[in-house]
Each structure stands twice: as structure tokens, then as C-alpha cells.
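What follows is a set of notes on a single structure, which appears directly below.
Residue numbers (our numbering): 185 to 450.
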């Protein structure tokens, strides 16, 4: 598809169409705890964004609009033409936002989960420094710092074995591709795109997320004309940390925006 190799997966066989976009450093498996809770009601589409998981790797210069257009081209390639609710976590939320503004005819609703749409000036030096450290030391060199704020100890303690699997999955990232995504985030500010969204928006904030606190998410949603905020007990990586709450909010929102078909499937 356009020279870009992307891994994808479809789950469920009936109901409205839901697209899930993983966070920076994530992959299809980021949604493994959520999908089983939804696949009896919805058709779910996941993919590894360019530079992540088993998709084609990237180098410096990748842009969020390219990742959004990758999704549109992938949907065309597999024959999906209907409108969908598009949900993303962290940088995945930025890709989801870019997708619905660039392809509004394909978008029935938007879910922004701990959205990473911009970086404050005071946090930029640390982000760029981490990107350079990643180039020198690889993922092992930044894993503890990166997960310290994103995966709180309280969630690690609930299921230590699962956290170790999550950590191993994160360590398996291609360092150059992950660095490219870091630099993409460092140069990105999509706050101005929020008022352009024509479809309903649901914001989901993790109460324990220091990276994108609820105040930040609320300020973003205040820019929209049709948006609602919910706060759940989660950190930054909410699909891994609070799958039941995430699935519940996604199901309710899809039912709301896509009507009786979702309600009848519930």
C-alpha cells in the first residue's frame, strides 16, 4: 500500500466499526486487554503505526499527518469504506485527531485518551534530550525514566507479571523509529485542530496521569463544539492499566454516536 508495509488486525464480526490507535512505543498488543471486552459488540480495527511494532520502520522526519494518511490508505487497501469511531491513546490520539480532520467523511466520532497533542516549552528540552539518549543507549537506556511516570507503581503491583510483559514489549521498540516519534512529538502542536472536528468527541483522562493531566485534557476539549470528558482511575497507559473502564466508556460512546446498531449489539 503506497510502498509502506503496515501490520493490522480485525476482531469481531458484527456491529459498528471502531478503530483503535496505540500510543508512542506501543503496538497492536496495547489493546489486548480491551478488545476481548468489545469484540462481541463491535468490529474492531487495529494497526501498528509506521515505525512501531511489526510495521515498516522509520527514521527522522516522520509527521503525524503521514501516520493519519497511512491509516486512510490501509482502510482503502482492505476495503473498509464505512464511517468509524476513531480512538487513540496519547500520541495515538494525535493520529486519531489528524485522521478525523483530514478524513471527516470517514469519521463518526473521536475518542482522545490522555491525548498528547503538544509539548509545553518547559518540557521540550527533556524530550529532545531523551531522544538523543535513545540514539546513544537504545531503549534500555531510557526505559526506567520513560515508564516511571507512565506506569505508576500502584498498577504494577496489581499484576507484576503483566507489567514485566509490558516492559519487555516496550524494550522491543526499534530505537531509531522510537526516536523519530519522539522528535515528531517535540515538533507537534495539534491544539488548533480540535475546533475543526465535525464529529462528537469523547475525552478520557487518567486521574493518575502526570504526563497529560486532566486539566490539560479539559483545556483541549473546551476548544471543541461537541465534546465530553470522563475521568477514570488510570495512568498514562490506560488500555493496559484500566481495560474495563476504557471498554465501558468506548462502548457507551460508540452506542451514543452510531445509534441503535450498537445498542442492539450490547
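Yeah, the Cβ is synthetic: ideal placement off N, Cα and C, and Gly gets one too.
Keep in mind that this is a model prediction, so the values were computed, not measured.
- The region 225–232 and the region 199–206 touch, with three or more beta-carbon pairs separated by less than 8 Å.
- Judged by beta-carbon spacing, residue 394 lies beyond the 8 Å limit of residue 217, meaning their Cβ atoms are not closer than that value.
- Contact between the region 406–419 and the region 302–314 is absent, with fewer than three C-beta pairs closer than 8 Å.
- Separation of the CB atoms of residue 383 and residue 284 is rounded to 6 Å, and the pair is thereby assigned contact status at 8 Å.
- For residue 373, the secondary structure class from DSSP, reduced to helix, strand or coil, is strand.
- For secondary structure counted as the beta strand (DSSP E) over 3 or more consecutive residues, the region 260–285 holds these complete runs in sequence order: 268–273.
- In the structure shown, residue 426 adopts coil according to DSSP, grouped into three states.
- Counting along the chain, residue 342 sits inside the alpha helix (DSSP H) bounded by residues 337–342.
- Residue burial is scored here from C-beta neighbours: residue 355 has fewer than 16 other C-beta atoms within 10 angstroms and is therefore classed as exposed.
- Two segments are said to touch when three or more pairs of C-beta atoms, one from each, lie closer than 8 Å; by this definition the region 242–255 touches the region 279–297.
- Taking C-alpha positions only, residue 295 is separated from residue 332 by approximately 25 Å.
- When the Cα atoms are used, residue 309 and residue 243 turn out to be separated by approximately 20 Å.
- Within the same chain, Cβ atoms closer than 6 Å to the Cβ of residue 288 are found at 382, the five residues on either side in sequence being excluded.
- The DSSP-derived three-state label of residue 236 is coil.
- Assigned with DSSP and collapsed to three states, residue 331 falls in helix.
- Excluding five sequence positions before and after residue 441, the CB atoms of its chain that fall closer than 8 Å to its own CB belong to 269, 292, 293, 383, 384, given in chain order.
- In this structure, residue 438 sits near residue 200, with a CB-CB distance shorter than 8 Å.
- Residues 302 of the same chain have their beta carbon placed closer than 6 Å to that of residue 373, with the five preceding and five following residues left out of the count.
- Proximity to residue 236 across 369, 249, 190 peaks at 190, based on C-alpha coordinates.
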